[in-house]
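Here's the structure, in structure tokens; my notes come after.
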Amino acid sequence: MQYDEEKAGDVDGGDAFLPSAPPSELFDMPTTVDPSYIISLIRKLIPSIPQNQNNPRSTAAASKDETEAVKTFGKSDGLAILGGEEAWEENGCILWDLAANKTHAELMVENLLLNVLLASLTLFQSARITEISLGILANLACHEVPRKCVFSFKGLVDVVVDKLFSDDSSCLYEDFRLLTLGLQGSGSISLIETLQQQHILERILWITENTLNFQLLEKTLGLLLVIIDNQQEEARVFIPQLEKLGVVSILINLLACEMDKLSSQRMPERYSVLDMILQVLEALSVIEDFSDSISSSNKLLQLVFYLVKLPDKVEVSSCCVTAVVLIANILTDVPDVVAEISKDLSLLEGLLDIIPFVSDDIDARSALWSVLGRIFAQVQHYASPSTLCHYVSLLVDKSDFIEEDLVDHRLEDSDTDKKSTSKLDAVNASLKRMHNILNQWITIKGNVAESNAPKEEVHPDDEKVHRLLRICFKYAE
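Read the sequence shown against our numbering and you will find it ends at 480, with the numbers running on by one and no gaps.
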């Protein structure tokens, strides 16, 4: 099936495969299917009650029994898969695709599909049926009205959460997708209360830490990110629980594994996992409960610094952007670290190389300029003439990046209504400190005779230095 084969792609939306269906006079939209066709598919998923062949009944009576079987599935014995498991899977897969359409999704909910799926998840042990059922529910949850119906349907949340204890990675993938969509919507209190149970959180973290399936890992991290970012009052209890269960240590170890893979072999399919790990750590870094464990981790700092220093960052540009925000948050908590990192020219070079990548992200751009400003403050006060020469040479080499960024953001930087003062100050402070560094070099360079310098040390071009000096003066307020 197309949807299943392309699971690594955009499963939270996108174009769904539409099976051929009878023409409908009720729907003019080409993306819709005849309602009677959808209803017939739902009926084919209903667990059947074996009938007494000696007591034939009318079609109307049989239809009534099917409906009652769905509504009272827990009270009946001998329920079976109508037409066999293979037929159920085929019909379920069609519904899975059709549920990506809002109109279809609402029609399905109105026609007892949730009852049918709850029955299927409860009664049948097939991993494939479970995956399809969860996949349909996840597609339904992409739409606001069906999503509210899914997570308010009696008994369904408990069954869905219980599927976290499945050993099938495909089932878990769809389950995490469904739970993530549920927490992203309003009215998810019942889901929050269920997920708060310690054994549930332990299971989520265990899967995150141990799965070898990178697609599943990405989904588990997505759920953690939504849990952490959830602004509902009821969700605040997650924070101390996650801290107690060692989520930071788990994430740092995962980051180390991904960085090891990145350094040994570039695997583009894993870049999204790396970025997601960094996003979760960045989200935790602004929460007081986690700030100490994150800012005190030398291992974490070395990992993000290594990422920033990579010579070829284009493929992992989004990861570098997230890393910069994380670094900025850490330096806010432990400013003493700046004195050490300001000596690392390769780190400064890596940060300057990231300037083009943050162009479209106001927060990340502010974070980057904030980090640069902290480093420049150390350099202007403590750098030796020889060290200053190296820094100025590097700034001159990257002056095109600096100028392009300032030109591209000239209007928004001057519009205080659209940009917070703190973000504007981060840019201005960095430019002023850079201006001071350049002036310092111009003042002392005459005292640093090139004849006394190492052979490999070449002074930066005076014309380029003055050009960068003018740029700083022009754009600093």
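Yeah, the Cβ is synthetic: ideal placement off N, Cα and C, and Gly gets one too.
For residue i: DSSP bridge partner residues
| i | result |
| --- | --- |
| serine 252 | None; serine 252 has no bridge partner. |
Span separating the alpha-carbon of residue i from that of residue j
| i | j | result |
| --- | --- | --- |
| phenylalanine 156 | alanine 331 | 43 Å |
| aspartate 138 | serine 43 | A small fix is needed here, since residue 138 is glycine in this sequence, not aspartate. Between glycine 138 and serine 43, the C-alpha separation is close to 19 Å. |
| alanine 24 | serine 169 | Residue confidence for alanine 24 is low, a pLDDT of 36 falling below 50, so the modelled location carries little weight and cannot support an answer. |
| serine 173 | asparagine 216 | 10 Å |
| threonine 197 | serine 433 | 47 Å |
| phenylalanine 179 | lysine 222 | 6 Å |
| serine 320 | tyrosine 40 | 46 Å |
| tyrosine 6 | serine 369 | Since pLDDT at tyrosine 6 reaches only 37, below the 50 mark, its modelled position is unreliable, and the value read off the structure follows with that caveat. Approximately 40 Å between the Cα atoms of the pair. |
| glycine 225 | methionine 279 | 7 Å |
| leucine 186 | histidine 462 | 57 Å |
| serine 79 | asparagine 233 | Confidence in serine 79 is poor, its pLDDT being 38 and thus under 50, which makes the residue's placement unreliable; the coordinate value appears in the next sentence. Cα to Cα, serine 79 sits roughly 40 Å from asparagine 233. |
| glutamate 407 | valine 361 | 12 Å |
| serine 387 | isoleucine 255 | 36 Å |
| histidine 1 | glycine 249 | Given that the chain is displayed from residue 4 to residue 480, the structure contains no residue 1 and the question cannot be resolved. |
| valine 148 | aspartate 292 | 35 Å |
| leucine 482 | glutamate 261 | The question about residue 482 has no answer, for the chain in this structure spans 4 to 480. |
| leucine 391 | isoleucine 440 | 8 Å |
| phenylalanine 476 | lysine 426 | 18 Å |
| serine 296 | tyrosine 309 | 20 Å |
| valine 327 | leucine 287 | 15 Å |
| leucine 220 | glutamate 92 | 26 Å |
| glycine 89 | glutamate 205 | Reading off the sequence, residue 89 comes out as glutamate, not glycine. Each residue's Cα considered, the two are about 35 Å apart. |
| valine 163 | aspartate 37 | 29 Å |
| phenylalanine 154 | aspartate 339 | 47 Å |
| alanine 103 | isoleucine 135 | 13 Å |
| leucine 334 | arginine 470 | 31 Å |
| histidine 393 | glutamate 352 | 11 Å |
| tyrosine 385 | leucine 371 | 21 Å |
| serine 252 | isoleucine 231 | 16 Å |
| leucine 398 | histidine 438 | 11 Å |
| aspartate 411 | isoleucine 357 | 15 Å |
| alanine 141 | leucine 117 | 12 Å |
| leucine 284 | isoleucine 365 | 19 Å |
| aspartate 171 | serine 51 | 26 Å |
| arginine 473 | leucine 313 | 30 Å |
| isoleucine 242 | cysteine 96 | 37 Å |
| glycine 87 | glutamate 113 | 25 Å |
| arginine 413 | asparagine 442 | 23 Å |
| aspartate 315 | leucine 265 | 11 Å |
Residue nearest to residue i in terms of C-alpha spacing, selected from the options
| i | options | result |
| --- | --- | --- |
| leucine 184 | Trp99, Arg131, Leu215, Arg150 | Arg150 |
| cysteine 152 | Ile135, Thr133, Tyr176, Leu121 | Leu121 |
| glutamate 212 | Val276, Ser191, Glu236, Gln200 | Val276 |
| threonine 125 | Lys166, Ala141, Thr446, Ala144 | Lys166 |
| glutamine 218 | Gln244, Glu177, Val229 | Glu177 |
| isoleucine 445 | Val395, Tyr478, Val410, Arg413 | Val395 |
| aspartate 400 | Lys448, Lys467, Leu304, Asp161 | Lys467 |
| valine 229 | Cys260, Leu182, Ser300 | Leu182 |
| aspartate 347 | Leu110, Ala259, Ile358, Ile378 | Ile378 |
| glutamate 237 | Leu220, Ser191, Glu272, His107 | Ser191 |
| glutamine 200 | Phe127, Lys264, Leu245, Ile210 | Leu245 |
| glutamine 305 | Ala141, Glu343, Ser389 | Glu343 |
| aspartate 465 | Lys448, Asn431, Leu284 | Lys448 |
| asparagine 94 | Gln128, Ile132, Leu110 | Ile132 |
| cysteine 145 | Phe127, Gly188, Gln128, Ile135 | Gly188 |
| serine 373 | Val410, Asp403, Val341 | Val341 |
| leucine 281 | Glu318, Arg269, Cys323 | Cys323 |
| alanine 380 | Asp411, Asn431, Ala367 | Asn431 |
| serine 235 | Leu265, Arg273, Lys264, Ile195 | This sequence places glutamine at residue 235; serine is not what is there. The option with the nearest alpha carbon to glutamine 235 is Ile195. |
| aspartate 100 | Leu175, Leu115, Leu143 | Leu143 |
| tryptophan 209 | Leu257, Ser193, Asn118, Arg239 | Leu257 |
Opening and closing residue of the alpha helix (DSSP H) in which residue i lies
| i | result |
| --- | --- |
| cysteine 152 | 147 to 155 |
| arginine 470 | 465 to 478 |
| glutamine 187 | 172 to 187 |
| lysine 312 | 301 to 312 |
| phenylalanine 484 | Outside the shown range of the chain (4 to 480) lies residue 484, about which nothing can therefore be said. |
| threonine 335 | 320 to 336 |
| isoleucine 207 | 201 to 213 |
| glutamate 246 | 241 to 247 |
| leucine 167 | Per DSSP, leucine 167 belongs to no alpha helix (DSSP H) and is neither H nor E. |
| valine 382 | 365 to 385 |
| isoleucine 344 | 340 to 344 |
| serine 298 | 291 to 298 |
Residue i: CB within 8 Å of a non-hydrogen atom of the ligand NAD
| i | result |
| --- | --- |
| threonine 133 | For the structure depicted, the ligand NAD is absent and the ligand set is empty, with no information on it obtainable. |
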